[in-house]
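Read left to right, the sequence shown gives residues 235 to 399 (my numbering).
Where a beta carbon is used, it is the ideal one built from N, C-alpha and C, also for glycine.
The structure under discussion appears below in the form of structure tokens.
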Amino acid sequence: MVWKAKTKMEQKVEFIHEWLTGKYTITELCRSFNISRPSAYKLISRYEKMGFSGLIEQERAPINHPNRTHHKVEGSILKLKNKHLLWYAKKIRILLFKQYAEELIPSVVTVHNILSKNGLVKPQQRSRRVKPVFPIFDPKKCNEIWSADYKGKFLMGNKIYCHPL
């Protein structure tokens, strides 16, 4: 027996058709389609505003990004880096103060991220961890390794401090 799987869009259209018949309440429809009531009301309002095209999945990304760095500032950062290849984010940011208002200038990390996004910063080589060699000392006989702990000055029985070093 072949099972027919329904897509999300088919289920949404079927939900709207059932709702348009008027035979069922929203609660009954939500129970049968296994969705929440706020989701049902959202589908219905989209259908009423835009028709069946309103049921299509919509983009969730924000329309505008208020904290994004201004494109002119980004361009200036890239120009300065291309002009002075040995300069890094901190120095470039300082030079931006001469061109733009303080509110427009991004942080050093943001300047670095802009440079690395455009491939103008070489990634740093991660330092390799040196593997320790065990055992550090390999004594073969007793008393081959001597060690002493320096505890600093201490008070003797005659109330005079002893300085061992």
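Taking the C-alpha atoms as reference points, what is the distance between residue i and residue j?
{"i": "C376", "j": "P398", "result": "26 Å"}
{"i": "N352", "j": "K313", "result": "12 Å"}
{"i": "K283", "j": "Q359", "result": "56 Å"}
{"i": "E252", "j": "Y275", "result": "14 Å"}
{"i": "L319", "j": "P366", "result": "39 Å"}
{"i": "Y322", "j": "R363", "result": "27 Å"}
{"i": "R265", "j": "E293", "result": "27 Å"}
{"i": "E336", "j": "R327", "result": "11 Å"}
Any idea which residues DSSP pairs residue i with across the strands?
{"i": "C396", "result": "F388"}
So residue i and residue j are in contact, right, with Cβ under 8 Å, and what is the actual spacing, rounded?
{"i": "K324", "j": "V342", "result": "5 Å"}
As an exercise, report each continuous alpha helix (DSSP H) stretch of at least 4 residues that is fully enclosed by the stretch 311-342, in chain order. 323-333
With a cut-off of 8 Å, do at least 3 Cβ pairs link the stretch 271-281 to the stretch 296-308? no
Quick test of the definition: if touching needs 3 or more C-beta pairs under 8 Å, does the stretch 313-325 touch the stretch 349-363? yes
State whether the stretch 239-256 contacts the stretch 289-299, with contact taken as three or more CB pairs (one from each stretch) at a distance under 8 Å. yes
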